[in-house]
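Asks: Be aware that the sequence shown starts at 18, since it is given in our numbering, and climbs by one per residue.
C-beta atoms are modelled at their ideal positions from N, C-alpha and C, and glycine is treated no differently.
On a predicted model such as this, the values are computed, not experimentally measured, just so you know.
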Amino acid sequence: MHIEKFNAAVMRRATQWRRAFGMLLALVLCVAGLGTVGVSSAQAAQVSEVQGKTFKVATDTTFAPFEFRDSSGQMVGIDMDLLHAIAKDQGFNVQIQSLGFNAALQAMSSGQADGVIAGMTITDERKAIYDFSDSYFQSGVQMAIAKNNDAIKGYEDLKGKTVVAKTGAEGEMFAKKNASKYGYTVKSVDQSATMYEMVKSGNADAVVDDYPVLAYGIQQGNGLKTVTPKVPGGDYGFAVNKGQNADLLKAFNAGLANLKKSGEYDKILAKYLGEDSSVKPATADSTAKKSFIDLAKDAFPALMTGLKNTMLITAISFVIALVLGIVLGLVRVSPNKPLSWVARVYVAVFRGTPILVWAFFFYFGIPQIIGHSINIWVAGALTLSLNAGAYLVEIVRGAIESVNNGQMEGARSLGLSYNQAMRKVILPQAVKIGTPAIINQLVIMLKDSSLLLAIGFGELLYQAQQIYAANFRVTETLLMVGVIYFVAITLLTWLANIVDRRMNKR
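(1) Leaving out the 5 sequence neighbours to the left and right, which residues in its chain are closer than 6 Å to Tyr612 when beta-carbon positions are compared?
(2) Output needed for Asp222: all residues of its chain with C-beta closer than 6 Å, excluding positions within five of it in sequence on either side, in chain order.
(3) Output the boundary residues of the beta strand (DSSP E) element that contains Asn258.
(4) Relative to the C-alpha of Leu122, which residue among Val225, Ala271, Ala256 is closest?
(5) Buried or exposed: where does Val516 fall if 16 or more other Cβ atoms within 10 Å of its Cβ makes it buried?
(6) Measuring CA to CA, which of Leu496, Phe85, Ala454 is closest to Ala313?
(7) Compute the Euclidean distance between the alpha carbons of Ser334 and Tyr201, then round it to the nearest angstrom.
(8) Specify the secondary structure class of Leu409 as computed by DSSP and reduced to three states.
(9) Starting from Thr179 and walking both ways along the beta strand (DSSP E), at which residues does that stretch end?
(10) Please give me, in chain order, every unbroken run of the alpha helix (DSSP H) with length at least 4 that falls completely inside the stretch 83–119.
(11) Could you spell out where the alpha helix (DSSP H) holding Met439 opens and where it closes?
(12) Pick out whichever of Tyr147, Ala319, Met160 has its Cα sitting closest to the Cα of Ala481.
(13) For the beta strand (DSSP E) that contains Tyr147, what are its first and last residues?
(14) Cα separation between Gly52 and Thr245?
(15) What residue range is occupied by the uninterrupted beta strand (DSSP E) comprising Ala163?
(16) Within the continuous alpha helix (DSSP H) that includes Tyr233, where are the two ends?
(17) Less than 8 Å separating the beta-carbons of Val158 and Gly188?
(18) May I ask which residues mark the beginning and end of the beta strand (DSSP E) holding Gly432?
(19) How should Ala398 be labelled, buried or exposed, when 16 other C-beta atoms within 10 angstroms of its C-beta is the threshold for buried?
(20) Buried or exposed: which applies to Phe118, given that a residue is buried once 16 or more other Cβ atoms fall within 10 Å of its Cβ?
(21) Near Ala192, which residues of its chain fall below 7 Å by C-beta distance, leaving aside the five closest residues on each side in sequence?
(22) Assign Ser419 to buried or exposed, taking buried as 16 or more other Cβ atoms, counted over all protein chains shown, within 10 Å of its Cβ.
(23) Buried or exposed: where does Asp141 fall if 16 or more other Cβ atoms within 10 Å of its Cβ makes it buried?
(24) Exposed or buried, what is Val500 when buried is set at 16 or more other beta-carbons lying within 10 Å of its beta-carbon?
(25) What does a CB cutoff of less than 7 Å around Tyr289 pick up in its chain, not counting 5 residues either side in sequence?
(26) Tell me the rounded alpha-carbon separation between Lys277 and Asp283.
(27) Apart from the five residues just before and just after Arg361, which ones in its own chain have a Cβ nearer than 8 Å to its Cβ?
(28) Cβ of Asn275 within 8 Å of Cβ of Tyr147?
(29) What did DSSP end up calling Ser390 once you bin it into helix, strand or coil?
(30) Which of helix, strand or coil does DSSP assign to Asp141?
(31) For Ala120, which residues of its own chain have a beta-carbon under 7 Å away from its beta-carbon, when the five flanking residues on both sides are left out?
(32) If you draw a straight line from the C-alpha of Met439 to the C-alpha of Val504, how long is it?
(33) With three or more C-beta pairs closer than 8 Å as the rule, is the stretch 363–375 touching the stretch 107–118?
(34) Hey, is the stretch 159–166 in contact with the stretch 227–245, meaning 3+ C-beta pairs nearer than 8 Å?
(35) For Leu463, which of Thr331, Leu345, Arg414 has the nearest alpha-carbon?
(36) If you follow the alpha helix (DSSP H) that Phe377 is part of, which residue opens it and which one closes it?
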C-alpha cells in the first residue's frame, strides 16, 4: 500500500515536472517563434517597401565608363550595371532617364525622377539639398592635353591658357579652385566628348576631368594624353531629394552591401576598369580604330530610331501648330478687339522667349505646379507646337492682309457677309500666298526638334550624342547626322511643294 502511494506520488511529481518542462519548452518555442516572426516581418517590411515598385532614375548621357550606350543602344556602364544589379537584389524595377547631369538633377527636383546616379560626387553643399547613399566609388581628377601638344607638362604651364571642365563635376570644382593659383581661365561645358573635341581642335588647351572617364576616353582613342598624376577626390553616391524616397535609398545601400559581399561589385568594376579597378592610361593608337563605314553600320540603327522620333514629334507638333496658327491668325485680323489682343499677346510671348525655356518649363516646371509628372512626348509637342504656332499666326495674318482690300470690298458689295467673304474670297487667295512660308516653318520645326535633346527626348541629335559619348568619334558622327538631316529636309520640302502645287494648281 505504501509502495502504491509512493509510486502514485512519484507519478504525480513526474507529471508535474513534465508539465512544467512542457510549459517552459512551449514558452521558449513561443519566444523563439515570436522572435523569428518578428525578424521575418521586419525583413518582409523592409523588402515590401520597394519590392515590385518601379522607380525613375535619371542619369547623364556622356560619362563613360559610368554611363553610356553600347552599339545596340542599351545604357551600360558602371552606374547602370550597379543600379540594375541592386534593383534585382532588392526586388524593385528601374526606368532609366538619360538626360545629362544638370537636367537629371532638375528632373529629380521637379519630381520627374525618383533618384539620380551619374558619377555624382558627394559634397557638403549637395548634402544640404540631397540625401546620398553610401559611397559606391572613390574618384579623383586628372589633367589631359592634346596628344600632339608637347608645350604643357603640368599645371604650372597653364598661365594664360584655357582649361575646360564638365559642368557640376568634380573636375570643374578642382579647376576653378586652382585657376587663380596657376593663372588659367576655366570654361565649363555639359559633355565629356565636347570637352575632348575642344582640346583637340585648339579651342581649349587642357581638360580636367574625373580620371576614370579621362583614361577610358584615351583608351577609346579620343586623341588626348594625361600629363599630371591623379589627385584623390571624393566619393560617388546615389542621390534622392532631401527627405524623400528613404526606402529607395535604404534598398540601394542594402543592395550595394550585398554586391560587395558577394563579389559582384568587384566584377562590375573589373568589367570596365580592369582587374585592379583602375584604368591604365593608354594612347589613341592602342585601340583599333573602326573605319567610317563600320562606324556608320554600328550607328545606323540608333540614328534611324532618332530620325523616326524626330519626324513623328515634328508631324504631331506641326498639326497642332497649324490649327493654332489658322484659328488665332483669323482672330488676329478679326474686328473683335479683345480676341485680337489675346492672339497678339500669345504671339508676343512665344516669339519673344527662347524655345529651350519652354522645353524646360513644360517638362520640369509644370510637374512642380500640378504635382504630377508629364510625359516627355507631351512636353516636346507642347514646346514645338506653341512656339511654331506663334510664327504661323503671323504667317496667316500676313497672308490675309496681303490680299488686296478691294477683294473684301467687292465681296461685301455683292451682298456677302464678312464671314462669307473671308471664306469664299479672301482665304483661298491667302492660302496661295502663305503656303511657301508655312512649308518653310515646317522645315524650321524639324530642325528645332533637336533642341529637345536638352530634356532627354530621343531625337536624332540625342542619339548621335549617345553614340559619340561611347566611341568619341564626334566629327564623323555629326557628319552622318548632317547628311541625314539634309536628306530628310530635302525630301520633306519636295513632298510639301508637290502638295502646294496640287492644292493651288500651279
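Replies: Straight from the coordinates:
(1) Residue 612 lies beyond the range of the chain shown here (18 to 523); nothing can be said about it.
(2) Position 205 of the sequence shown, counted from the first residue, corresponds to residue 222. Cβ neighbours of Asp222 beyond the five flanking positions: Lys178, Thr179.
(3) Along the sequence shown, one-based indexing puts residue 258 at 241. Looking at the DSSP string, the run of the beta strand (DSSP E) that includes Asn258 is 256–258.
(4) Position 105 of the sequence shown, counted from the start, is the residue given in the question as residue 122. When only C-alpha atoms are compared, the closest one is Ala256.
(5) Within the sequence shown, numbered from 1, the residue matching residue 516 stands at position 499. Classification for Val516: exposed.
(6) In the sequence shown, residue 313 corresponds to position 296, counting from 1. Of Leu496, Phe85, Ala454, the residue nearest in Cα terms is Leu496.
(7) As a working mapping, residue 334 is identified with position 317 in the sequence shown. As a working mapping, residue 201 is identified with position 184 in the sequence shown. Using only the alpha carbons, I get a separation of about 45 Å.
(8) Here the question's residue 409 lines up with position 392 in the sequence shown. Correct three-state label for Leu409: helix.
(9) The residue given as residue 179 occupies position 162 in the sequence shown. Under the DSSP assignment, Thr179 falls in the beta strand (DSSP E) whose first and last residues are 179–183.
(10) 95–107
(11) As a working note, residue 439 is residue 422 in the sequence shown. Neither: Met439 is in no alpha helix (DSSP H) and is coded neither H nor E.
(12) Residue numbering aside, residue 481 sits at position 464 when the sequence shown is read from its first letter. Ranking Tyr147, Ala319, Met160 by Cα distance to Ala481 puts Ala319 first.
(13) The residue labelled residue 147 in the question sits at position 130 within the sequence shown. It spans 147–149 - the beta strand (DSSP E) in which Tyr147 sits, taken as one unbroken run.
(14) The residue you call residue 52 lines up with position 35 of the sequence shown. The residue you call residue 245 lines up with position 228 of the sequence shown. Because Gly52 carries a pLDDT of 39, less than 50, the predicted location of this residue cannot be relied on, and no value is offered for it.
(15) In the sequence shown, residue 163 corresponds to position 146, counting from 1. It spans 154–163 - the beta strand (DSSP E) in which Ala163 sits, taken as one unbroken run.
(16) One-based indexing of the sequence shown puts residue 233 at position 216. Taken as a continuous stretch (DSSP letters only), the alpha helix (DSSP H) holding Tyr233 covers 228–236.
(17) What you label residue 158 is simply residue 141 of the sequence shown in a count that begins at 1. What you label residue 188 is simply residue 171 of the sequence shown in a count that begins at 1. Taking 8 Å as the Cβ cut-off, Val158 and Gly188 qualify as a contacting pair.
(18) Stepping through the sequence shown from its first residue, residue 432 is reached at position 415. Careful: Gly432 lies outside any beta strand (DSSP E) and carries neither H nor E.
(19) Walking along the sequence shown from the start, residue 398 turns up at place 381. So Ala398 counts as buried.
(20) Along the sequence shown, one-based indexing puts residue 118 at 101. Taking every protein chain shown into account, the CB of Phe118 has 16 or more other CB atoms within 10 angstroms, so this residue is buried.
(21) Within the sequence shown, the letter at position 175 stands for residue 192. Excluding positions up to five away in sequence, the list reads Val180, Ala182, Val203, Val225.
(22) Translated into positions along the sequence shown, residue 419 becomes position 402. For Ser419, the number of other beta carbons within 10 angstroms of its own is below 16, and it is reported as exposed.
(23) To locate residue 141, count along the sequence shown from 1; it is residue 124. That one is exposed.
(24) For the purposes of this step, residue 500 is taken as residue 483 along the sequence shown, with counting starting at 1. Burial call: exposed.
(25) Start at 1 with the first residue of the sequence shown, and residue 289 comes out as number 272. Pro82, Gly94, Ile95.
(26) As a working note, residue 277 is residue 260 in the sequence shown. As a working note, residue 283 is residue 266 in the sequence shown. Near 7 Å, if we compare the C-alpha coordinates of Asp283 and Lys277.
(27) Position 344 of the sequence shown, counted from the start, is the residue given in the question as residue 361. Closer than 8 Å at Cβ, skipping near neighbours: Arg349.
(28) Counting from 1 along the sequence shown, the entry for residue 275 is found at position 258. Counting from 1 along the sequence shown, the entry for residue 147 is found at position 130. Not in contact: Asn275 and Tyr147 (Cβ atoms no closer than 8 Å).
(29) Working through the sequence shown from its first residue, we reach residue 390 at position 373. Three-state DSSP puts Ser390 in coil, outside helix and strand.
(30) Numbered from 1 along the sequence shown, position 124 holds the residue referred to as residue 141. If DSSP states are grouped into helix, strand and coil, Asp141 belongs with the helices.
(31) The residue labelled residue 120 in the question sits at position 103 within the sequence shown. Only Ala471, Ile472, Gly473 meet the Cβ criterion.
(32) Counted from its first residue, the sequence shown places residue 439 at position 422. Counted from its first residue, the sequence shown places residue 504 at position 487. Using only the alpha carbons, I get a separation of about 38 Å.
(33) no
(34) yes
(35) Mapped onto the sequence shown, residue 463 falls at position 446. The shortest Cα separation from Leu463 among Thr331, Leu345, Arg414 belongs to Thr331.
(36) Position 360 of the sequence shown, counting from 1, holds the residue named residue 377. Its alpha helix (DSSP H) spans residues 372–377.
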